[in-house]
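So the structure is just underneath, and the comments pick up after that.
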Amino acid sequence: MLEIDKEYWIGKDEQLPFFSTGASKYGLDVASQRVDRLNRRITSLEIKLEHYQAIEKEIRENIEKLEGLEYKIAKLRFIDGMTYQEIADELKYSYGYIRKVVSQGNKEVTIRLVKQ
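If you're matching positions, the sequence shown starts at 1 in the UniProt record's numbering and goes up one per residue.
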């Protein structure tokens, strides 16, 4: 959407911005301010995207270290985006049992972090 907005202000050909709809209607000064603001916003979003992609990679790497039921639960929860109830239904376990497995895993991780 930002790219579409940017095209409105600067046009399809950045070498000839005075032919854009926004520049023709509001002037080059306004168009240039809007484009600068849009470029900053796009850059900000690209930085955030890189950050979130790094987090996703780390999550995937940590999930791959798990085994058995913990792996299945983590994959369904954090990669496939399922709720614990949906996971319980999918794996044919009770919701309470799934929560218990998750809770035990969380305690083990907390203990490991505290010992470091």
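Don't be surprised by glycine CBs; every beta carbon is placed ideally from N, CA and C.
Under the three-state reduction of DSSP, which class applies to residue i: helix, strand or coil?
{"i": "GLY81", "result": "coil"}
{"i": "TYR93", "result": "coil"}
{"i": "SER44", "result": "helix"}
{"i": "LEU66", "result": "coil"}
{"i": "residue 143", "result": "This structure cannot settle anything about residue 143, because the visible part of the chain is limited to 1 through 116."}
{"i": "GLY105", "result": "helix"}
In chain order, what residues of the same chain have a beta carbon less than 8 Å from the beta carbon of residue i, not counting five sequence neighbours either side?
{"i": "TYR8", "result": "SER20, THR21 and GLY22"}
Leaving out five residues on either side along the sequence, give the residues of the same chain with a beta carbon under 7 Å from the beta carbon of residue i.
{"i": "GLN85", "result": "TYR95"}
{"i": "ILE98", "result": "ILE73, TYR84, ILE87 and ALA88"}
Thinking residue i and residue j are a contact (beta carbons under 8 Å), I'd like their distance in whole angstroms, please.
{"i": "LEU49", "j": "LYS6", "result": "17 Å between Cβ atoms; not a contact."}
Within a Cβ cutoff of 6 Å, which residues of the same chain sit near residue i, ignoring the five residues on either side of it in sequence?
{"i": "GLU64", "result": "none"}
(message) Below 8 Å, how does it come out for the region 57-65 and the region 77-84: are there three or more Cβ pairs, yes or no?
(response) yes
(message) With a threshold of 8 Å, are at least 3 pairs of Cβ atoms found where one atom belongs to the region 88-105 and the other to the region 66-77?
(response) yes
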